[in-house]
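Enquirer: Here it is: the structure, laid out below.
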Amino acid sequence: MFSQYLKFNKVEIIDQLASVIVIFALVVVYAHPLKVIAEDVIEEIPVEETAETIDTGDASAETEVVNQVNINELNPEETAESGDMPSTDVSIENEAEINNNVETEAETGENEVEGSGEEKINTGNAYASANVVSLVNFNLVESNGFLYLLNNFLESMGHVDLRLIAPSSGKSLYSIPTLNSCGTSNCNATTTDLSVEIKNQAEISNAVIVRSSTGENTATSTNNVGINTGDAYAGANVVNIANTNIINSDYLLFAFNNFSGWDGDLILPNADFFSSFFSQPSVSAANISHTNSAGIENNVTTSADTGGNVSEGEISGINTGDAVANTNVTNIANTNIFNSSTFFVVFRIFGAWNGSVFNAPEGVSWVETPSGIELFSNDTGGSDTLEKDLNINTNNTANINNNVQVIALTGENKATSIDGEASINTGNAYAGANIINIANTNIVSSNWIVALINIFGDWSGSISFGQPDIWVATQVEAPNPLLFSSELVFHTTVANRGDASASKVKFEGHFSDRLVRFDKENLSGNYVWNIGDLKPGEVRELTYTAKVGDGMEHMWQDALVKHDFNVSAYETDANYEDNSDTIFLPIQRPVNNLWSFKDPIKIKTSTYPSISVNKTSSKATTTASSTIGYTIKIQNSGGTAFKGVLHDILEDEKGEVIAENNWELGEILQNEEISVSYEAIFNASTTPGMYTNYAWVEASGKDYKYGNLVWNEADSNLATTSIVVIGDSLATNTDVVITNIKIEVVEDMEYVLALLSQAPKVIINETRTLEPKIIAEPESTDTNEPSRQKAQEKDNFNPWLLVFSSFFLIMRPNTKRNITTLF
0 MFSQYLKFNK VEIIDQLASV IVIFALVVVY AHPLKVIAED VIEEIPVEET
50 AETIDTGDAS AETEVVNQVN INELNPEETA ESGDMPSTDV SIENEAEINN
100 NVETEAETGE NEVEGSGEEK INTGNAYASA NVVSLVNFNL VESNGFLYLL
150 NNFLESMGHV DLRLIAPSSG KSLYSIPTLN SCGTSNCNAT TTDLSVEIKN
200 QAEISNAVIV RSSTGENTAT STNNVGINTG DAYAGANVVN IANTNIINSD
250 YLLFAFNNFS GWDGDLILPN ADFFSSFFSQ PSVSAANISH TNSAGIENNV
300 TTSADTGGNV SEGEISGINT GDAVANTNVT NIANTNIFNS STFFVVFRIF
350 GAWNGSVFNA PEGVSWVETP SGIELFSNDT GGSDTLEKDL NINTNNTANI
400 NNNVQVIALT GENKATSIDG EASINTGNAY AGANIINIAN TNIVSSNWIV
450 ALINIFGDWS GSISFGQPDI WVATQVEAPN PLLFSSELVF HTTVANRGDA
500 SASKVKFEGH FSDRLVRFDK ENLSGNYVWN IGDLKPGEVR ELTYTAKVGD
550 GMEHMWQDAL VKHDFNVSAY ETDANYEDNS DTIFLPIQRP VNNLWSFKDP
600 IKIKTSTYPS ISVNKTSSKA TTTASSTIGY TIKIQNSGGT AFKGVLHDIL
650 EDEKGEVIAE NNWELGEILQ NEEISVSYEA IFNASTTPGM YTNYAWVEAS
700 GKDYKYGNLV WNEADSNLAT TSIVVIGDSL ATNTDVVITN IKIEVVEDME
750 YVLALLSQAP KVIINETRTL EPKIIAEPES TDTNEPSRQK AQEKDNFNPW
800 LLVFSSFFLI MRPNTKRNIT TLF
């Protein structure tokens, strides 16, 4: 029985294990497909796309085409038979054909983005310009002139100075080279008989396309979309000068496009130039024949577009910039000018003008128009008659065809959002074209200036005929040291170094009236004087006195008083850097102040030298290329001084040493006076400004103290004098010649011979040229080297004084060295 029971259990166990295996196998078989299906579902879940942004930089394109065909400049040699007036004969025949095909494009647009995220397009600015110049059959006979073309985008221009027009390698400047440098009066003053025969035929065809674009962008998304475009600038200057004969004349043609606001001035030549310009002499006899035939066709399209935008979305918006387009077409055809001067300037201003016209010369008028400003010459003619016979015969045929397109585009954008916001912001668009056709123009014995200017924005500048340059400098006469109640004398020079008059000139001063006060003039710390008008080259001298105020009574330390000066005028100044000046006045505190930390006074005996130096000049103001006399007085009111050396330095406004002299004086006897005089010649190219002389004596002295002989330094004070040189503001080369040096001892003539024998460097009536040089500060102290600081040291040395002396030397302005009173 027991065995049967075991056998039954074994079979049952096996059956149970088999059942478990079968069940497990079924579970695995059915579970594996479920896992694969789950993985397939995960792979099909879409991933959310990220936002995309397109940012473009700026784009610029520039084209310049210059055709110069049959350019003839003649300055013929004179021929004459005995007893006859010299004569010149000229014969010219020209034929030319020019075809210009120009396409200039700058583009940052035409971008496309599509997605389901937040999509953006940001485009940069686009700048496109073209200058196409055709000079065909251009004949200059005893004449000269310039053609100046300029396109300016966003750069700061500053002033445009037509006084400085000359051949240049800069962009957009074209000039006709000349074989002579005759000016208006020189060219027209030719007294030879002139016979000229000219035949010209010209064919000019221009196809010019200038396009700048930041628009034509497309953005699409189920989310938010945005398009922001930059500004677009397009400009073209097309100038055709065909069959132009300029005989015995001068000319200037200027075209300017400024694609933004402008704060500079247009500077024209001054009144002196136009006086000559309008007064060319009339020819006594002339036989002139002109035959002209001209055909000119202009097809010009100027377009600035910020619109044409489409925005679609749950919330949509469109903001467009400004669109400005302008075209100037000037045709001057079959023009004959004889014995007459023409001046014509046209401004087109697409904003506000806040300026003036300064120093308009006689013969020029101006008027504001709805579109800008116009300046023009009145009917004027020369009063002189030129003894000259002219025989002129010209035959001119010209055909000019211009097809010009100037396009600036920031619009035509499309933004589409299915479930979000759509926005479009366009930039500004500026398009400008100047078309100038000058055909069959004959200018004989005349002057001619034409300027065309477009300003696409506000203009805060002015029109100036020449420019004033107001300059100021001040020097002070004062005792050394400056104490309470010390008197100061101010010498201020105000000059106009420009080429035009200055009106409503004002002089202003600013200082601390607690420390310095003006009694007689009843002036406060801020004062203003109206000087009035200053003509070119005119100089005004101002002299006024002041005193150190009672505010010093309660000062416990020395003070350094800053005094500012400046001048101003109604007109724009050529150089504002020289309109101001600054001096520093070092004032010592009272010695009886209870808070004073004065060092003990060192008492010296009568055997100790006491040397004083005074220096004067023959003039306070002079012009370049002149001679200035200098006198140095040396007095010794104490005992005999030994090893005396006189140092003399001339410095310019920058502190650079222009001339330096060192004279050995040897012994300087008690109560002796020595006079040193010389002349300084400033050459014609001397840089205008203030020049200051510094003179001092270095010497040694014997002093008996407590029965002992002691050697000490016996240096003098520092003496100064300044002069103001008025001259050409462009001069940069200062050379000084020292001449007529004389040394005289007032009382002891025998000493003069000893002095000259001991100082071989000094020769009476010596003349020598001193090259300008800069003397650097020595790295180490050298007792033999001249030093103005050494001349200032006193035996009653005060440490507080050293502090303020150092502060004063640091604070002195670099541009002017105007202090006449030092510690």
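The letter at position 327 of the sequence shown is residue 326 when you use numbering that gives the first Met the number 0, and the numbering goes up by one with no holes.
Cβ atoms here follow ideal geometry from the backbone N, Cα and C, with glycine treated the same way.
Here the structure is a predicted model, which means the values were calculated and not measured.
#1: Within 10 angstroms of the Cβ of Thr-409, are there 16 or more other Cβ atoms? Answer buried if so, exposed if not.
#2: Along the alpha helix (DSSP H) that carries Ser-275, what are the first and last residues, could you check?
#3: In three-state DSSP terms, what is Arg-496?
#4: Using CA atoms only, rank isn't needed, just tell me which of Asn-398, Asn-402, Asn-412 is closest to Val-299.
#5: Tell me which residues share the same chain as Asp-264 and place their Cβ nearer than 6 Å to its Cβ, disregarding the 5 neighbours each side in the sequence.
#6: Going by DSSP, which residues form a beta bridge with Ala-713?
#7: Suppose you measure from the CA of Ala-683 to the CA of Thr-622; what does that come to, to the nearest Å?
#8: Hey, Asn-93 and Val-64 are a contact pair by Cβ (cut 8 Å); roughly how many whole angstroms apart?
#9: Helix, strand or coil for Asp-651? Go by DSSP, reduced to three states.
#10: Give a yes or no on whether the C-beta atoms belonging to Val-207 and Leu-148 are separated by under 8 Å.
#11: Identify whether Asp-192 lies in helix, strand or coil by the three-state DSSP scheme.
#12: Run the CB neighbour count on Asn-670, radius 10 Å, all protein chains shown included, and call it buried at 16 or more, exposed below.
#13: Since Glu-311 is in the beta strand (DSSP E), which residue starts that stretch and which ends it?
#14: Output the distance between the C-alpha atoms of Ser-292 and Trp-458, rounded to the nearest integer angstrom.
#15: Going by Cα to Cα distance, which pick from Glu-102, Leu-161, Ile-70 is closest to Asn-136?
#16: Ignore the nearest five residues each way along the sequence and tell me which others in Glu-411's own chain have a CB closer than 6 Å to its CB.
#17: Quick one: complete beta strand (DSSP E) runs, 3+ long, within the stretch 436-495?
#18: If we count the other Cβ atoms within 10 Å of its Cβ and call it buried at 16 or more, is Ala-351 buried or exposed?
#19: Taking only three categories from DSSP, how would you classify Asp-580?
#20: Which ranges would you report for the beta strand (DSSP E) in the stretch 107-146 if only whole runs of at least 3 residues count?
#21: On the three-state DSSP scale, how would you describe Leu-161?
#22: Count the other CB atoms within 10 Å of the CB of Lys-614; is the residue buried (16 or more) or exposed (fewer)?
#23: Looking at C-alpha atoms only, which residue of Gly-431, Lys-413, Glu-420 is the closest neighbour of Ala-407?
#24: Ignore the nearest five residues each way along the sequence and tell me which others in Phe-253's own chain have a CB closer than 6 Å to its CB.
#25: Taking C-alpha atoms, which residue in Ala-545, Val-209, Val-112, Ala-218 lies nearest to Tyr-126?
#26: Which residue from Leu-73, Ser-155, Met-156, Ser-275 puts its Cα closest to that of Asn-143?
#27: Going straight from the alpha carbon of Ser-674 to that of Leu-649, what length do you get?
#28: Assign Pro-369 to one of two classes, buried (16 or more other C-beta atoms within 10 Å of its C-beta) or exposed (fewer than that).
#29: Suppose you measure from the CA of Glu-678 to the CA of Glu-672; what does that come to, to the nearest Å?
#30: Among Glu-117, Thr-396, Asn-565, which residue has its Cα nearest to the Cα of Phe-510?
#31: Quickly, what does DSSP pair Met-828 with across the bridge? List them, please.
#32: Spell out the partners DSSP gives Ala-235 in its beta bridges.
#33: By the three-class DSSP mapping on this structure, what secondary structure does Tyr-629 have?
#34: Relative to the alpha-carbon of Ile-372, which residue among Glu-361, Ser-355, Pro-360 has its alpha-carbon at the smallest distance?
#35: Using the beta-carbon count (16 or more within 10 Å), is Val-366 buried or exposed?
#36: Taking 8 Å as the threshold (C-beta atoms), are Phe-145 and Leu-251 in contact?
Expert: Checking against the coordinates, here is how it stands:
#1: As a first step, residue 409 is located in the sequence shown; it is residue number 410 there, counting from the start. Thr-409 is buried by the Cβ-count criterion.
#2: Along the sequence shown, one-based indexing puts residue 275 at 276. Looking at the DSSP string, the run of the alpha helix (DSSP H) that includes Ser-275 is 270-276.
#3: Looking up residue 496 in the sequence shown gives position 497. Three-state result, Arg-496: coil.
#4: Here residue 299 is taken as the residue at index 300 of the sequence shown, counted from 1. Taking only the C-alpha atoms, the option nearest Val-299 is Asn-402.
#5: As a working note, residue 264 is residue 265 in the sequence shown. The answer, listed in chain order, is His-158, Gly-460, Ser-461, Ser-463, Thr-571.
#6: Residue mapping note: residue 713 aligns to position 714 of the sequence shown, counting from 1. Looking at the DSSP assignment, Ala-713 forms no beta bridge with any residue, so it has no partner.
#7: Sequence index remark: in the sequence shown, residue 683 carries index 684 (1-based). Sequence index remark: in the sequence shown, residue 622 carries index 623 (1-based). Those two C-alpha atoms are separated by around 9 Å.
#8: The residue you call residue 93 lines up with position 94 of the sequence shown. The residue you call residue 64 lines up with position 65 of the sequence shown. 20 Å between Cβ atoms; not a contact.
#9: Looking up residue 651 in the sequence shown gives position 652. Annotated three-state conformation of Asp-651 is coil, per DSSP.
#10: Here residue 207 refers to the residue found at position 208 of the sequence shown. Here residue 148 refers to the residue found at position 149 of the sequence shown. For Val-207 and Leu-148, no; Cβs fall outside 8 Å.
#11: Looking up residue 192 in the sequence shown gives position 193. If DSSP states are grouped into helix, strand and coil, Asp-192 belongs with the strands.
#12: Taking the sequence shown and counting its residues from 1, the one referred to as residue 670 is at position 671. With fewer than 16 Cβ atoms within 10 Å of its Cβ, Asn-670 is classed as exposed.
#13: Translated into the one-based positions of the sequence shown, residue 311 becomes position 312. That run of the beta strand (DSSP E) goes 309-311.
#14: Numbered from 1 along the sequence shown, position 293 holds the residue referred to as residue 292. Numbered from 1 along the sequence shown, position 459 holds the residue referred to as residue 458. Answer to the nearest angstrom: the Cα atoms are 40 Å apart.
#15: Here residue 136 refers to the residue found at position 137 when the sequence shown is read from its first residue. Considering only alpha carbons, the answer is Ile-70.
#16: The count along the sequence shown starts at 1 and reaches residue 411 at position 412. Correct list, in chain order: Gly-214, Glu-215, Gly-307.
#17: 446-454, 462-464, 469-476, 486-495
#18: On the sequence shown, position 352 is the one that residue 351 refers to. Taking all protein chains in view, the Cβ of Ala-351 is surrounded by fewer than 16 other Cβ atoms within 10 Å, so the residue is classified as exposed.
#19: Position 581 of the sequence shown, counted from the start, is the residue given in the question as residue 580. If DSSP states are grouped into helix, strand and coil, Asp-580 belongs with the strands.
#20: 111-114, 118-121, 125-140
#21: Sequence index remark: in the sequence shown, residue 161 carries index 162 (1-based). It is helical.
#22: As a position in the sequence shown, residue 614 is number 615, starting the count at 1. Counting Cβ neighbours within 10 Å, Lys-614 comes out buried, since at least 16 surround it.
#23: As a working note, residue 407 is residue 408 in the sequence shown. Of the candidates Gly-431, Lys-413, Glu-420, the one whose C-alpha sits nearest the C-alpha of Ala-407 is Gly-431.
#24: Taking the sequence shown and counting its residues from 1, the one referred to as residue 253 is at position 254. Closer than 6 Å at Cβ, skipping near neighbours: Tyr-147, Ala-450.
#25: Counting from 1 along the sequence shown, the entry for residue 126 is found at position 127. Closest option to Tyr-126, Cα to Cα, is Val-209.
#26: In the sequence shown, counting from the first residue as 1, residue 143 sits at position 144. Minimum Cα distance to Asn-143 is reached at Leu-73.
#27: Here residue 674 refers to the residue found at position 675 when the sequence shown is read from its first residue. Here residue 649 refers to the residue found at position 650 when the sequence shown is read from its first residue. Going by the C-alpha atoms only, they are around 18 Å apart.
#28: Taking the sequence shown and counting its residues from 1, the one referred to as residue 369 is at position 370. It is exposed - the Cβ of Pro-369 has fewer than 16 other Cβ atoms within 10 Å.
#29: Here residue 678 refers to the residue found at position 679 of the sequence shown. Here residue 672 refers to the residue found at position 673 of the sequence shown. Using only the alpha carbons, I get a separation of about 20 Å.
#30: Residue numbering aside, residue 510 sits at position 511 when the sequence shown is read from its first letter. Ranking Glu-117, Thr-396, Asn-565 by Cα distance to Phe-510 puts Asn-565 first.
#31: Absent from the model: residue 828. The displayed extent of the chain is 0 to 822, so no value can be given.
#32: Stepping through the sequence shown from its first residue, residue 235 is reached at position 236. Bridge partners of Ala-235: Ala-129, Ala-432.
#33: Within the sequence shown, residue 629 is the residue found at index 630, counting from 1. Three-state result, Tyr-629: strand.
#34: The sequence position of residue 372 within the sequence shown is 373, counting from 1. Among Glu-361, Ser-355, Pro-360, the Cα nearest to that of Ile-372 belongs to Ser-355.
#35: Within the sequence shown, numbered from 1, the residue matching residue 366 stands at position 367. Exposed: under 16 other Cβ atoms inside 10 Å.
#36: Residue 251 sits at position 252 when you count from the first residue of the sequence shown. Residue 145 sits at position 146 when you count from the first residue of the sequence shown. Their beta carbons are under 8 Å apart, which means Leu-251 touches Phe-145 by this criterion.
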